[in-house]
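Asks:
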Amino acid sequence: MSKLQPVRGTHDLLPDEYRRFAHVVGAARDVARLYGYREMATPIFEFTELFARGIGETTDVVSKEMYTFKDRGDESLTLRPEYTAGICRAFIFNGELTQQLPLKVFAAGPMFRYERPQKGRQRQFHQIDIEVLGAPEPGADIEVISVAADILDRLGILERCVLKINSLGDPECRAVYRKVLVDYYSRHLDKLSEDSRSRLQRNPLRILDSKDESDKAINVGAPSFADHLNQVSRDFFAAVQDGLTAAGIAFELDPTLVRGLDYYTHTAFEFVTTHIGAQGTVLGGGRYDGLIAELGGPPTAGIGWAGGIERLMMLCNEPAAEPRPVVIAPLGAAAEAKALGIARALRRQGIAVEQDYRGNMKRRLQRANKINARAAIIIGDDELAKGVAQLKDFDSGEQREVALDALASALKG
RNA sequence: GCGGCCGUAGCUCAGUUGGUUAGAGCGCCAGAUUGUGAUUCUGGAUGUCGCCGGUUCAAUUCCGGUCGGCCGCCCCA
10 MSKLQPVRGT HDLLPDEYRR FAHVVGAARD VARLYGYREM ATPIFEFTEL FARGIGETTD
70 VVSKEMYTFK DRGDESLTLR PEYTAGICRA FIFNGELTQQ LPLKVFAAGP MFRYERPQKG
130 RQRQFHQIDI EVLGAPEPGA DIEVISVAAD ILDRLGILER CVLKINSLGD PECRAVYRKV
190 LVDYYSRHLD KLSEDSRSRL QRNPLRILDS KDESDKAINV GAPSFADHLN QVSRDFFAAV
250 QDGLTAAGIA FELDPTLVRG LDYYTHTAFE FVTTHIGAQG TVLGGGRYDG LIAELGGPPT
310 AGIGWAGGIE RLMMLCNEPA AEPRPVVIAP LGAAAEAKAL GIARALRRQG IAVEQDYRGN
370 MKRRLQRANK INARAAIIIG DDELAKGVAQ LKDFDSGEQR EVALDALASA LKG
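Mapped onto our numbering, the consecutive letters of the first sequence carry residue numbers 10 to 422.
#1: List the DSSP bridge partners of VAL336.
#2: Spatial neighbours of THR265 within its chain, please: C-beta separation below 8 Å, excluding the five flanking residues on both sides.
#3: How about the segment 172 to 188 and the segment 250 to 266: do they share at least three Cβ pairs that are nearer than 8 Å?
#4: Could you give the DSSP three-state label for ALA330: helix, strand or coil?
#5: Could you pull the DSSP bridge partners for PHE278 from this structure?
#6: Could you compute how far the alpha carbon of LEU13 sits from the alpha carbon of ALA302?
#7: Any idea what DSSP makes of SER202, helix, strand or coil?
#8: Just verifying my parser: in three-state terms, what is the DSSP assignment at GLN288?
#9: Is SER85 helix, strand or coil when you go by DSSP?
#10: Tell me, please, whether the segment 136 to 148 touches the segment 77 to 95 by the rule of three or more beta-carbon pairs shorter than 8 Å.
#11: How close, in whole Å, do the beta carbons of GLY63 and LEU420 come, if the pair is a contact with beta carbons under 8 Å?
#12: Taking only the alpha-carbon atoms, compute the straight-line gap between ILE360 and ILE312 and give it to the nearest angstrom.
#13: Leaving out five residues on either side along the sequence, give the residues of the same chain with a beta carbon under 7 Å from the beta carbon of LEU324.
#14: Report the partner residues of HIS135 according to the DSSP bridge assignment.
#15: Are ARG122 and GLU74 closer than 8 Å when you measure CB to CB?
#16: Could you give the distance in angstroms between the alpha-carbon of GLN133 and the alpha-carbon of GLY18?
#17: My output table needs one value for ILE312: the three-state DSSP class, helix, strand or coil.
#18: Measure the C-alpha to C-alpha separation of ALA382 and THR77 and round it to an integer number of angstroms.
#19: Exposed or buried, LYS79, counting other C-beta atoms within 10 Å across all chains shown (16 or more means buried)?
#20: Would a C-beta distance cut-off of 8 Å place GLY65 and LEU270 closer than the cut-off?
#21: So which of VAL40, GLY257, TYR193 and GLU222 has the shortest CA-CA distance to LEU209?
#22: Which word fits ARG47, buried or exposed, when buried means at least 16 other C-beta atoms lie within 10 angstroms of its C-beta?
#23: So, for SER195: in the same chain, excluding its five sequence neighbours on each side, which residues have a beta-carbon less than 8 Å away from its beta-carbon?
#24: Going by beta carbon distance, what residues of the same chain come within less than 7 Å of ARG9, once the five residues before and after it are set aside?
#25: Go through the segment 57 to 116 residue by residue and report every complete run of the beta strand (DSSP E) that reaches 3 residues or more, in order.
#26: From GLY257 to ALA158, what distance separates their C-alpha atoms?
Here you go:
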């Protein structure tokens, strides 16, 4: 038993659950397509260097959560912990992608992070992802958030989520603010929690969001980022907010919203919910104008987000039931052989038909009922001789005789 | 990485103040005569009581470890 257990933080997606998984991805894919985003995929592992440089050496994700290993050629590889770096790498590497900007892509797939699992947090988890490269305008921020809102809406969960946005400014004013903040906290070092003291150099903006009571008290007097945004950043953030309002997308300003990946600039946003436990961020992202240059590409603006498929699954209601199949139930060797051809002809017309491999009439109808079939086509020697079948409707229980060549229209009507 | 709770049939759970064959509901399987489901009735099987070790005459029950899940922190999707 213990040997057959999946690795901690991973799990099997059984058919019922996979159906909901596919429902989430399908909805996202459909909406993304409506906005002109094209789907693509990048490898599940990359050179470790890509993530170390892209995400930031000091971030939690890079410093303690990556699945990194050496392959047989002694290369250091890492299972991707997020999608953005890989897509930016592909953008830089594949010149054709740089020819028509902005590039708008949709992607989905597994991500890997060595974290302590709990509800909504696995070591292998799955994300849907949207990126726009080569668009420095606030219109891209607005659009990308709009795609997200529409996906959540299509899944029926938008009203259970709140959109929080913040501006992290450009590198210039962020550096200034960071310094001001570090100075402020340094003056209150003795009252800071242990967590926050370690955050002070690594990611001081995080302290603003601390849940520690003592930290909260200090935060009351902390300098605010809004006061330190330069004019460019201020204008940009205002344009994003105006656009969201114009698009009819509700949002809340959250000055404590700080994303943990180094590459973010300007807009940061999250759709959060209180319905699925502590891991309430269902989708989040932001702008990363410096990332592509940092990775060695041509200076190119970027913005995007990732959504946690498992978290979205927890929140959304059951997808529409699948179409009910028809079961073909032959009796005897001759009918069984004939049924194979009949079933195939019906499937070619788009009718879902299932045929058991064994069993008498009772067993076949029992199984038909179990798989929620809508009808059964019953064929024995008598029917074979007359070129007909008994068509039994499971909901009404009624059964009637139908000519074999009229089966398709009878089942469609 | 830190703190806490939990682990009994496929599922949801009860139970043993340590003591013969560990239970229920749902589900599953088989029957209620010849080629007809679901409903009803009758019968049946569920299981190393997560795993390893310790204490004990005796452990599923107590203790330790381990694996896994969950809750909070951290972090994030």
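Don't be surprised by glycine CBs; every beta carbon is placed ideally from N, CA and C.
Replies: The short version:
#1: Partner(s): GLU363 and ALA385.
#2: Within the same chain, Cβ atoms closer than 8 Å to the Cβ of THR265 are found at ASN175, LEU217 and ASP218, the five residues on either side in sequence being excluded.
#3: A contact exists between the segment 172 to 188 and the segment 250 to 266.
#4: Correct three-state label for ALA330: coil.
#5: BP columns for PHE278 point to ILE174 and GLY294.
#6: LEU13 and ALA302 have their alpha carbons spaced roughly 45 Å apart.
#7: Looking at SER202 - three-state DSSP - the assignment turns out to be coil, as it is neither helix nor strand.
#8: Taken through DSSP and simplified to helix, strand or coil, GLN288 comes out as coil.
#9: If DSSP states are grouped into helix, strand and coil, SER85 belongs with the strands.
#10: In short, these stretches touch, since the Cβ pair count reaches three.
#11: The Cβ separation is near 54 Å, so there is no contact.
#12: If you draw a straight line from the Cα of ILE360 to the Cα of ILE312, it is about 43 Å long.
#13: Excluding positions up to five away in sequence, the list reads ILE166, ARG169, THR282, HIS284, ILE285 and VAL291.
#14: DSSP, once it has assigned bridges, lists PRO119 as partnering HIS135.
#15: Closer than 8 Å, so yes.
#16: Here the alpha carbon of GLN133 sits roughly 6 Å from the alpha carbon of GLY18.
#17: In this structure, DSSP gives ILE312 an extended state, which the three-state scheme calls strand.
#18: In this model, ALA382 and THR77 are separated by some 48 Å (Cα to Cα).
#19: Note on LYS79: under 16 other CB atoms within 10 angstroms of its CB, so exposed under the neighbour-count rule.
#20: Between GLY65 and LEU270, the C-beta gap is smaller than 8 Å, which places the two residues in contact.
#21: Of the candidates VAL40, GLY257, TYR193 and GLU222, the one whose C-alpha sits nearest the C-alpha of LEU209 is TYR193.
#22: With fewer than 16 Cβ atoms within 10 Å of its Cβ, ARG47 is classed as exposed.
#23: Only LEU209 meet the Cβ criterion.
#24: Nothing about residue 9 can be read from this structure; the chain reaches only from 10 to 422.
#25: Taking only runs of at least 3 residues, the beta strand (DSSP E) segments lying wholly in the segment 57 to 116 are 76 to 79 and 85 to 88.
#26: Rounded to whole angstroms, the separation of the alpha carbons of ALA158 and GLY257 is 10 Å.
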